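Here's the structure, in structure tokens; my notes come after.
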Amino acid sequence: MKFKPKKFSLDHKKLDQNFYLQPTLKVARELLGKIIVRQFNGQILAGRIVETEAYIGESDPACHAYGGMTPRNKIMYLPGGYAYVYFTYGMHYCFNVVTEKEGFPAAVLIRAVEPIEGIELMKKFRNTNNIYNLTNGPAKFCQAFKIDKSLNGTSLLGDEIFIVDSDDDIKFTIGRSQRIGISAGTDKKWRFFIRGNPFVSKVKIKSK
DNA sequence: CTCTGGATTAGCT
DNA sequence: GCTAATCCAGAGC
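Under this note's numbering, think of the first position of the first sequence as -19, with each following residue one higher.
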């Protein structure tokens, strides 16, 4: 299958804060198909979101806010519409969209996107020419989109990084599973993905 | 194809 | 001190 970037226009409507204030599972589902845009140095990177995971509240054992606020997770307590970026495994970043009302810690992890714009730059950042290996994982997506801790706490209503609606007539069905790479909270099926999309990450359920 | 271990450090206990 | 919302290379089948 040959990859053809789909049409993309910056005229598409930027998602407003009301979208992010909604229940996290709804946001996680509805982010599928939407387009995440990153601007820096006058360059544009964009991709269609094809895989997400929800992390919800202090009682979700897989959520970073499990057990209460700490210096790392405090961004999750902001009202919906902020970026929560964290560093893990000594070398990787992961990007989340904060959801729900202020004081309730919840976020949606962007696990994979389908590259649309700025593909050559993504290949450079990822040091690979294989388009299917650019953004099919949460840390790969961050590397391809030049996302690091400096974006932690950034508003998604600004211009550095934001998400726009898709007005294409793209039809897809949504798949659902347990979350990937966690050892607690595996009973919850809070991962969502576009069924059949070749840019969804490889599934490896952590066995424990 | 599948499976295993190493990389490398911030954040918590 | 231990582990992590990951990724990659290498080994074996």
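Glycine is no exception: its CB is placed at the ideal position from the N, C-alpha and C atoms.
In this text, all values refer to a predicted model and were calculated from it rather than measured experimentally.
Under DSSP, the beta strand (DSSP E) around Arg91 begins and ends at which residues? As a position in the first sequence, residue 91 is number 111, starting the count at 1. That run of the beta strand (DSSP E) goes 86 to 97.
With a CB to CB cut of under 7 Å and the five nearest residues on each side skipped, what residues in its chain are close to Val30? Along the first sequence, one-based indexing puts residue 30 at 50. For Val30, where only same-chain residues beyond five positions count, the Cβ hits under 7 Å are Leu12, Ala92, Val93, Glu94, Phe173, Ile174, Asn177, Phe179, Val180.
Output needed for Thr4: all residues of its chain with C-beta closer than 8 Å, excluding positions within five of it in sequence on either side, in chain order. Your numbering for residue 4 matches position 24 in the first sequence. Hits under 8 Å: Ala34, Tyr35, Ile36, Thr79, Glu80, Ala86, Ala87, Val88.
Would you decide whether Asn116 is buried or exposed? Buried here means 16 or more other CB atoms lie within 10 Å of its CB. Looking up residue 116 in the first sequence gives position 136. Asn116 comes out buried.
Applying the 10 Å Cβ sphere with the 16-neighbour rule, what's the burial state of Thr32? Here residue 32 refers to the residue found at position 52 when the first sequence is read from its first residue. By the 10 Å Cβ count, Thr32 comes out buried.
Which listed residue (Phe(-1), Gly83, Phe105, Gly48) has its alpha carbon closest to that of Pro59: Position 79 of the first sequence holds residue 59. The residue with the shortest Cα to Cα distance from Pro59 is Gly83.
Just how far apart, CA to CA, sit Phe125 and Gly48? Numbered from 1 along the first sequence, position 145 holds the residue referred to as residue 125. Numbered from 1 along the first sequence, position 68 holds the residue referred to as residue 48. Roughly 30 Å between the two C-alpha positions.
Which residues mark the beginning and the end of the alpha helix (DSSP H) in which Thr4 is found? Taking the first residue of the first sequence as 1, we reach residue 4 at position 24. Looking at the DSSP string, the run of the alpha helix (DSSP H) that includes Thr4 is 4 to 10.
How about Tyr73 and Cys122: are their beta carbons less than 9 Å apart? Locating residue 73 in the first sequence gives position 93, where the first residue counts as 1. Locating residue 122 in the first sequence gives position 142, where the first residue counts as 1. Less than 9 Å separates the beta-carbon of Tyr73 from that of Cys122.
Buried or exposed: where does Gly69 fall if 16 or more other Cβ atoms within 10 Å of its Cβ makes it buried? Along the first sequence, read from residue 1 onward, the residue named residue 69 stands at position 89. Note that residue 69 is Tyr in the sequence shown here, rather than Gly. Label assigned to Tyr69: exposed.
Out of curiosity, what's the CA-to-CA distance linking Ala241 and Glu140? Here the chain comprises residues numbered -19 to 188, so residue 241 is not present and cannot be evaluated.
Less than 8 Å separating the Cβ of Lys(-6) from some heavy atom of the ligand FAD? No copy of the ligand FAD appears in this structure; indeed no ligand is present at all.
Helix, strand or coil for Lys188 per DSSP? For the purposes of this step, residue 188 is taken as residue 208 along the first sequence, with counting starting at 1. For Lys188, the pLDDT reaches just 44, beneath the cut-off of 50, and the residue's location in the model is therefore unreliable, leaving the point undetermined.
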